[in-house]
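J.: Residue numbers (our numbering): 86 to 365.
Encoded as structure tokens, here's the structure I'll be asking about.
Right under this line is the structure:
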């Protein structure tokens, strides 16, 4: 029996004033000479530390030919680099440091994090440094990882909410929909090459396009000094990627739109509204 999901989309104009947040207690911030922003949060409740690297990349940077490749790049981050030239050595090092680790990709940022014992902070930062600055994109690793990333896409397609969400995105953003869809396109993911991974790295993976967060049972002065020692020689880009590779302007909706989306995998009706927010 075919179920029905109802979707409504529209456009409203709103004005939002965003105040600059002040630094909260136990938060500290510095910018290195190469433009890398470093944020430290001291919290000694448990003897652990977490480090995270966030990069201004994501689906908003993706034209149709790169749809979903910021996400694939995120997966390849955990494969191989100059210090750990295959994933077996990479994983062995995470086990030696007792790490838990992961990464996520959204529309406007890609982030990677490691959590480990507080005494491993310098070793953890060196591990992050090797992964973000000196990756190796091996064809055999990509052969393994492409179906993993595409499998996430396929699982999403089995969720009736995703079916609705994806239809809303297409109707809201038109021919720029890839820039609002981090999960990507099947064909682009399954034909991705190491060369395309290097294109992404060479466009966006620079200190002056990134933020390093260090949190946990750490001392902020020590954390800043260690970050400066390890990441201080990371060369900044001589260009702003958002100027050199500008993001196209999204067209406003010409009119409110109301439609019904039917799918056999829905169990109950769902009413969904979406608006365009204010431009920047």
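All C-beta atoms in this analysis are idealised placements derived from N, C-alpha and C, irrespective of residue type, glycine included.
Source: prediction; values computed, not measured.
So who's on the other strand from residue 319, going by DSSP bridges?
T.: Working through the chain shown from its first residue, we reach residue 319 at position 234. Residue 319 pairs with nothing; no bridge assigned.
J.: So residue 359 is in the beta strand (DSSP E); what residue range does that whole segment cover?
T.: For this step, residue 359 is matched to residue 274 along the chain shown. Note, residue 359: beta strand (DSSP E), 356 to 359.
J.: Helix, strand or coil: which one does DSSP assign to residue 277?
T.: Numbered from 1 along the chain shown, position 192 holds the residue referred to as residue 277. Here residue 277 sits in coil by DSSP.
J.: Suppose only complete runs of 3+ residues qualify. What are the beta strand (DSSP E) ranges in the segment 125 to 152, listed by chain order?
T.: 133 to 140
J.: Do you know whose CA, among 197, 110, 293, lies nearest residue 327's CA?
T.: Residue 327 sits at position 242 when you count from the first residue of the chain shown. For residue 327, the nearest C-alpha among the options comes from 293.
J.: What's the gap between the Cα of residue 220 and the Cα of residue 303?
T.: Working through the chain shown from its first residue, we reach residue 220 at position 135. Working through the chain shown from its first residue, we reach residue 303 at position 218. Residue 220 and residue 303 have their alpha carbons spaced roughly 27 Å apart.
J.: Straight-line CA distance for residue 129 to residue 301?
T.: Position 44 of the chain shown, counted from the start, is the residue given in the question as residue 129. Position 216 of the chain shown, counted from the start, is the residue given in the question as residue 301. Their backbone Cα atoms lie some 6 Å apart in a straight line.
J.: Do you know how far the Cα of residue 214 is from the Cα of residue 243?
T.: Within the chain shown, numbered from 1, the residue matching residue 243 stands at position 158. Within the chain shown, numbered from 1, the residue matching residue 214 stands at position 129. Those two C-alpha atoms are separated by around 37 Å.
J.: Using a threshold of 8 Å, state whether the C-beta atoms of residue 196 and residue 252 are closer than that.
T.: Against the chain shown, residue 196 aligns to sequence position 111. Against the chain shown, residue 252 aligns to sequence position 167. No, they are not a contact pair.
J.: Quick one: using the 10 Å Cβ neighbour count with 16 as the cut-off for buried, is residue 101 buried or exposed?
T.: To locate residue 101, count along the chain shown from 1; it is residue 16. Because the pLDDT at residue 101 is just 36, under 50, the model does not fix this residue reliably, and the value given afterwards should be weighed accordingly. With fewer than 16 Cβ atoms within 10 Å of its Cβ, residue 101 is classed as exposed.
J.: List the endpoints of the continuous alpha helix (DSSP H) containing residue 224.
T.: As a position in the chain shown, residue 224 is number 139, starting the count at 1. Its alpha helix (DSSP H) spans residues 224 to 242.
J.: Can we count residue 346 as close to the ligand NAD, meaning its CB is less than 7 Å from some heavy atom?
T.: This structure lacks the ligand NAD; in fact it carries no ligand of any kind.
J.: Going by the beta-carbon positions, is the gap between residue 246 and residue 355 smaller than 8 Å?
T.: Position 161 of the chain shown, counting from 1, holds the residue named residue 246. Position 270 of the chain shown, counting from 1, holds the residue named residue 355. Closer than 8 Å, so yes.
J.: Within the same chain, show all residues whose beta-carbon is closer than 7 Å to that of residue 175, passing over the 5 residues directly before and after it, in chain order.
T.: Walking along the chain shown from the start, residue 175 turns up at place 90. Correct list, in chain order: 163, 164, 165, 169.
J.: Just how far apart, CA to CA, sit residue 265 and residue 359?
T.: Here residue 265 refers to the residue found at position 180 when the chain shown is read from its first residue. Here residue 359 refers to the residue found at position 274 when the chain shown is read from its first residue. Residue 265 and residue 359: Cα-Cα distance of roughly 13 Å.
J.: Taking the C-alpha atoms as reference points, what is the distance between residue 171 and residue 161?
T.: If you number the chain shown from 1, residue 171 lands on position 86. If you number the chain shown from 1, residue 161 lands on position 76. Distance from the CA atom of residue 171 to the CA atom of residue 161, rounded to whole angstroms, is 11 Å.
J.: For residue 332, which option in 146, 126, 346, 109 has the closest C-alpha, if you only look at C-alpha atoms?
T.: Your numbering for residue 332 matches position 247 in the chain shown. Considering only alpha carbons, the answer is 146.
J.: Within the continuous alpha helix (DSSP H) that includes residue 290, where are the two ends?
T.: Against the chain shown, residue 290 aligns to sequence position 205. In the DSSP assignment, residue 290 falls outside any alpha helix (DSSP H), carrying neither H nor E.
J.: Given a threshold of 16 other Cβ atoms within 10 Å of its Cβ, counted over all protein chains shown, does residue 230 qualify as buried or as exposed?
T.: Position 145 of the chain shown, counted from the start, is the residue given in the question as residue 230. Looking at its Cβ environment, which holds 16 or more other Cβ atoms inside 10 Å, residue 230 is buried.
J.: Please work out which residues of its chain come closer than 8 Å, Cβ to Cβ, to residue 368, disregarding the five sequence neighbours upstream and downstream, and give them in chain order.
T.: No statement about residue 368 is possible, as the shown extent of the chain runs from 86 to 365 and does not include it.
J.: Is it the case that the segment 115 to 131 contacts the segment 304 to 317, given that we only count it when at least three CB pairs across the two stretches are under 8 Å?
T.: Cβ pair count under 8 Å is three or more, so yes.
J.: Name the one or two DSSP bridge partners that residue 187 has.
T.: What you label residue 187 is simply residue 102 of the chain shown in a count that begins at 1. In the DSSP output, where bridge partners are listed per residue, residue 187 has 198.
J.: Exposed or buried, residue 353, counting other C-beta atoms within 10 Å across all chains shown (16 or more means buried)?
T.: The residue given as residue 353 occupies position 268 in the chain shown. Label assigned to residue 353: exposed.
J.: From what residue to what residue does the alpha helix (DSSP H) around residue 253 run?
T.: Translated into the one-based positions of the chain shown, residue 253 becomes position 168. It spans 245 to 258 - the alpha helix (DSSP H) in which residue 253 sits, taken as one unbroken run.
J.: Given this structure, state the Cα-to-Cα distance separating residue 338 from residue 182, to the nearest angstrom.
T.: By one-based count along the chain shown, residue 338 stands at place 253. By one-based count along the chain shown, residue 182 stands at place 97. Rounded to the nearest angstrom, the two C-alpha atoms are 51 Å apart.
J.: With residue 348 as the anchor, note down where its alpha helix (DSSP H) starts and where it stops.
T.: The residue given as residue 348 occupies position 263 in the chain shown. First-last for residue 348: 342 to 348, but that is the beta strand (DSSP E), not the alpha helix (DSSP H).
J.: Where does the unbroken alpha helix (DSSP H) through residue 329 begin, and where does it stop?
T.: Indexing the chain shown from 1 puts residue 329 at position 244. In this chain, the alpha helix (DSSP H) harbouring residue 329 covers 326 to 329.
J.: Could you tell me the boundaries of the beta strand (DSSP E) in which residue 113 lies?
T.: The sequence position of residue 113 within the chain shown is 28, counting from 1. Taken as a continuous stretch (DSSP letters only), the beta strand (DSSP E) holding residue 113 covers 112 to 116.
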